[in-house]
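Everything on this sheet refers to the single structure shown next.
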Amino acid sequence: MDRFLMSSNHPNRQYTVAVLGATGLVGSLITQLLEERHFPVGTFKPLASERSAGGTVLFKGQPVTVEVACPQAFDGVDIVLSSAGGVVSALLVPEAVARGAVVIDNTSFFRMQAGVPLVVAGVNDQALAQHQGIIANPNCSTAQLMPVLKALHEAAGLKQVTVSTYQSVSGAGKAGLDDLMDETEHNLGDTCPAPHCVRPSQFERKNFKRPMAFNLIPQIDSFIYEDGLEAGYTKEELKLIHETRKILNLPDLAITATAIRVPVLVGHSEAVTVALERPLSVAETTALLAKTPDVVVATSYEDYHTPRETAGTDPVYVSRIRRDTANPATGLHLWVVSDNLRIGAALNAVRLAESLHAQGLVHPASVGVSV
Ligand SMILES: NC(=O)c1ccc[n+]([C@@H]2O[C@H](COP(=O)([O-])OP(=O)(O)OC[C@H]3O[C@@H](n4cnc5c(N)ncnc54)[C@H](OP(=O)(O)O)[C@@H]3O)[C@@H](O)[C@H]2O)c1
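Position 140 of the sequence shown, counted from 1, bears residue number 139 in numbering that gives the first Met the number 0, the numbering being contiguous throughout.
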């Protein structure tokens, strides 16, 4: 029996597309990418909170009025690209689905729910076919790891993964960016002898609870306090652990993480240590990742990638590939850098919309599989 009404797969179909959180860092980039990548948008609906409603965002050179995100705003919408925070998604995503839309959600709210595909474009697109109205985008630090870990697993079997992340402040949205810029200016004003360096009289952190300028913070999201194996981890670290297992369909993968916020504007970096089932040399790993879609590999030691130098570009960059001195037989270290706003959020969301369109999967939840 056909599981879907394939009649929804019209190559020339145009969609009514809502961007929920259109005024945010991720939503603005989604809007830009829909335009740049020529997604078949018939009608474009930017949605945000009352703070931004009535303002405009530019789409295809035209100002489009931002509407308040409320259940009725999704009437007639085919696709929602959602990035307005977990609380908003919890409230509004089911309303959009009930009105017949497919939602690609960037927040963490639905990611681990059964029946919600958690998808990285180019890694596990096949999971899209199981959607029941909601598709989740993984956390930014998870997303950039996936093409790399998938390739290593298919070639040599992943036995154990240890990740330390160095995550930029844009991962915390506009407020994170503002905090770093304002605090940097404020701190320089304190010490700079030049007459123009006037310390801004007022500085109040909007997002971070500890100094972000000239510092780093070994906490992203809140701590787990309950007794057990996960006690003392942050939710960000657990997202990386659990989402990786779900995306790669490796529920028992031995993986652990430490997530650190660093004073970088855009671009997350990750120091990754893997133990493999079968040995892979550095040369074999380099060759393997060089032919992995979406991945760019450094060709010399000095050719390593930094977040500032790669921000604004699409690939996942891998460098510093070397054997693990603590596990020379099957261990490798890698340095993985990517633009968190792109593959970690907006680009992945738009690529998933493209994949849904190409596969004829833009349909109401009632038409999809029931499990
Ligand atoms: N930044 C990243 O690298 C990244 C990566 C992956 C996932 N995400 C997730 O994506 C989401 C947004 O991230 P962001 O970086 O774009 O944050 P952001 O820059 O702070 O933008 C937040 C957006 O949500 C809107 N919003 C806030 N409260 C709302 C409400 N009550 N009703 C409707 N809209 C509301 C804001 O609208 P106003 O202008 O009206 O305030 C704004 O458009 C978060 O859940 C985040 O975890 C972010």
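Backbone N, C-alpha and C fix where the C-beta goes; we use that ideal spot for every residue, glycine too.
query                                                                                                           : result
Element boundaries [alpha helix (DSSP H), containing R350]                                                      : L346 to A357
Helix, strand or coil at H130 [DSSP, three-state]                                                               : coil
Pick from S221, Q218 and L275 that is closest to N326, judged by C-alpha positions                              : L275
Rounded distance between the beta-carbons of T272 and T161, thought under 8 Å                                   : 4 Å
Whole-angstrom distance between A348 and G84, CA atom to CA atom                                                : 15 Å
Rounded Cβ spacing between L239 and S140 (contact assumed at less than 8 Å)                                     : 5 Å
Sufficient close CB pairs (3 or more, under 8 Å) joining the segment 53 to 65 to the segment 126 to 135         : no
Per DSSP, cross-strand counterpart(s) of L333                                                                   : V271
Check: V25 C-beta below 8 Å from any heavy atom of ligand 1                                                     : yes
Alpha-carbon spacing of N186 relative to G175, whole angstroms                                                  : 16 Å
For A253, three-class secondary structure by DSSP                                                               : strand
Simplified DSSP assignment, three categories, for Y300                                                          : helix
Extent of the continuous beta strand (DSSP E) run through V16                                                   : Y14 to L19
Expected contact under 8 Å - CB spacing of L331 and I342 to nearest Å                                           : L331 to I342, Cβ: 21 Å. No contact.
Element boundaries [beta strand (DSSP E), containing Q61]                                                       : Q61 to T64
Validate contact between the segment 275 to 290 and the segment 240 to 247 using beta carbons, cut 8 Å, 3 pairs : no
L333 versus Y224, P363, L144 and L24, residue with shortest Cα-Cα distance                                      : L144
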